[in-house]
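Notes for the one structure printed next.
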Amino acid sequence: MDEGAEAAAADAAGSADRWLSVAESLVPAALEGARSATGFSARWNLIVSRLECVRPCLSDLSGHPCFSRNALCREQLQAVCATLTEAVELADLSRSRDRPQPLGKLHMQSRLDSLVARLDLNLRDCAHLVKTGVLGDVAPPSSAAASASDAEAGSSRVRELLARLQIGHAQAKHRAAEGLLEAMKEDEKSVLAVLGRTDISALVQLLAPAAAPRTREKAAAVVCALVESGSCENLLLSEGVLPPLIRLAESGGPVGREKAVVSLQRLSASAETSRSIVGQGGVPPLIEICRIGDSTSQSAAAGTLKNLSAVPEVRQTLAEEGIIGLMINLLDCGIVLGSKEHAAECLQNLTSSNESLRRCAVSEGVIGSLLAYLDGPLPQEPAVAALRNLASSVTTDTLIKLGLLPRLQHVLKDGSPGAQHAAASIICKISSSADVKRSIGECGCIPLLFDLLGGKADAAREVAAQGIASLMGCPQNCREVKRDGRSVASLVRLLDPSAPGNATRKHAVSCLLALSSSKRCRKSMVSCGAVGYLKKLSESDVPGVRKLVERLERGKLRSLFSRK
């Protein structure tokens with residue numbers, strides 16, 4: 001250790017010892033004054049009981065091996081000396097009989113209560129320093145470790161900040177939270193490496209309404225950073241972070257509310273946590289933020305509600321809070337695109353299984369809002385999936401009048417695989433009458449459904465085949481399919497017994513039967529190997545296989561006789 005470091009260490013040691021000496025000299029004076037004080041006897045007796053605990057506490061602190069090498073000890077002793085000095089002064093004031101009382105009765109009572117609170121805080125903090133090992137964690141390195149790396153120095157600084165979260169007055173804790181936030185921005189891993197359950201508990205306590213507003217905001221920012229790191233979620237939940245986050249989202253300032261709701265969005269990805277948020281009254285503040293929050297807060301609140309709606313058993317509770325109308329409003333007027341997307345996903349969840357919620361959504365005008373959403377730049381899948389859920393709760397004529405078919409055609413052409421699958425499912429649901437089937441065919445959806453037959457997803461192929469089979473019930477659509485040269489080959493490929501999907505083969509056979517009235521289509525089926533596939537399927541339960549084989553073989557015989 002160089003001379004400058006030795007001098008600094010010596011000064012620190014001298015300071016700690018000096019403050020210890022001052023504190024020990026003040027204890028007898030404070031005790032004597034408190035015992036002889038007049039007025040408010042109950043409060044002075046309480047102060048005496050606290051003062052009697054100070055000397056043993058100082059002894060424990062000074063006996064710690066790291067006492068003289070730790071800045072926290074020196075600062076704690078300074079705080080104890082300030083409290084003892086206050087006790088002496090108040091005792092002197094209470095005995096001032098030869099001059100007018102300088103303090104009013106209520107003022108004196110308030111100061112005595114404050115003194116008790118400060119003594120409790122000093123005693124608690126001293127005990128915490130000794131019992132939790134904080135002093136050893138944040139003590140500066142010894143001469144043997146003078147060449148410690150920057151990483152070790154950074155860890156020591158982080159440990160000190162974490163220790164300061166747990167001791168001292170509100171302003172000191174605010175500065176500690178601020179420093180910890182900066183440390184996370186500089187090197188998040190170094191903070192996560194030393195973070196423990198006690199530190200998490202201290203952070204959660206700073207979120208409580210009793211903490212100073214600015215301190216709550218800083219603590220919320222630290223918690224938000226920890227949640228977004230993905231490393232401390234279980235610890236935070238086990239230490240009870242949800243109730244203070246919900247209260248902060250409900251009544252905090254703009255910054256605190258934003259950090260709280262962003263944290264809730266991440267935590268609500270778990271179904272169990274979502275249930276807890278609903279059970280602890282988290283829905284009303286989230287709904288309020290969706291209505292009046294800024295862009296970031298609104299998007300995060302909508303995302304949280306979307307996560308909650310993924311849990312089936314809480315959907316009815318959400319509906320009773322007015323979430324359906326709120327999500328429709330976000331679809332129409334959300335501040336940012338993220339809010340609109342979350343709203344569409346939330347409506348998809350809400351309408352997935354509950355018929356009463358579907359009817360409620362339809363009655364509030366959700367269809368028009370979902371269709372308008374499809375005209376925008378956002379992912380189409382949640383809106384198309386919500387429309388699929390609602391297709392059986394509204395008349396097909398209404399859907400067509402509102403402009404459903406051109407949007408389905410657009411989704412089938414340019415949408416994501418998931419959106420295309422949902423669009424094909426809607427076609428299967430609504431193609432019940434000949435007029436609707438003809439309208440869907442005229443809209444150009446049939447060639448796009450054939451495109452889906454070549455996809456990798458089994459479910460998409462099945463629903464596309466089902467849609468084609470249904471639409472071919474309209475003679476006009478059937479003629480269009482016959483004119484498409486690739487249609488037969490696409491359908492025959494679905495017959496392959498080695499591929500999964502018996503339902504897909506059933507729809508393919510149905511389509512091929514409808515096409516088998518055409519000589520050209522029969523020849524195309526035979527040349528594509530349909531007979532071989534069908535004979536392998538003859539023992540299966542796929543309806544129409546034998547009938548189709550007979551038609552194709554009869555056509556082969558006719559061809560043979562005509563050649564002879």
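Everything in the sequence shown is counted per UniProt numbering, starting at 1 for the first residue and increasing by one. Each residue gets a CB set at the ideal place from its N, CA and C atoms; glycine is no exception.
query	result
Nearest-angstrom beta carbon gap, residue 58 and residue 24 [assumed within contact, 8 Å]	6 Å
Under the three-state DSSP convention, the category residue 499 falls into	coil
Segment limits, alpha helix (DSSP H) that includes residue 437	434-442
Residue environment, residue 355, which counts as buried when at least 16 other CB atoms sit within 10 Å	exposed
Residue 398, buried or exposed, once every other Cβ within 10 Å from all chains shown has been counted against 16	exposed
Inter-residue spacing [alpha-carbon to alpha-carbon] between residue 240 and residue 203	11 Å
Nearest-angstrom Cβ-Cβ length linking residue 405 and residue 440, presumed shorter than 8 Å	6 Å
CB of residue 549 within 8 Å of CB of residue 531, strictly	yes
Meets three-Cβ-pair contact criterion under 8 Å: the region 292-299 and the region 307-323	no
Buried or exposed (CB count within 10 angstroms, at least 16 for buried), residue 340	buried
Reduced DSSP category for residue 519 - H, G, I as helix; E, B as strand; rest coil	helix
Segment limits, alpha helix (DSSP H) that includes residue 475	475-483
Span separating the alpha-carbon of residue 169 from that of residue 337	43 Å
Whole-Å CB distance - residue 305 paired with residue 324, under 8 Å assumed	About 11 Å; that fails the 8 Å criterion.
As assigned by DSSP and simplified to three states, the class of residue 53	coil
Same chain, Cβ closer than 7 Å to residue 218, neighbours up to 5 away in sequence not counted	174, 177, 178 and 181
Neighbourhood of residue 334 by C-beta distance below 6 Å, restricted to the same chain and skipping five residues each side	340
C-beta contact flag for residue 469 and residue 453 at 8 Å	no
Contacts around residue 43, its chain only, beta-carbon distance under 6 Å, and the 5 residues preceding and following it disregarded	112
Close-in-space but distant-in-sequence residues of the same chain around residue 262 (CB under 6 Å, 5 per side omitted)	224 and 300
Where residue 351 sits in the DSSP three-state scheme	coil
The alpha helix (DSSP H) enclosing residue 70, as first and last residue numbers	It is not in any alpha helix (DSSP H) - residue 70 carries neither H nor E in the DSSP assignment.
Spatial distance of residue 46 from residue 107 (CA atoms)	18 Å
Which of helix, strand or coil DSSP assigns to residue 472	coil
Straight-line Cα distance separating residue 514 from residue 361	39 Å
Exposure of residue 122, with buried meaning 16 or more beta-carbon neighbours within 10 Å	buried
Simplified DSSP assignment, three categories, for residue 256	helix
Which of helix, strand or coil DSSP assigns to residue 166	coil
Status (buried if at least 16 other CB within 10 Å, exposed otherwise) for residue 199	buried
Coil, strand or helix - residue 323 by DSSP	helix
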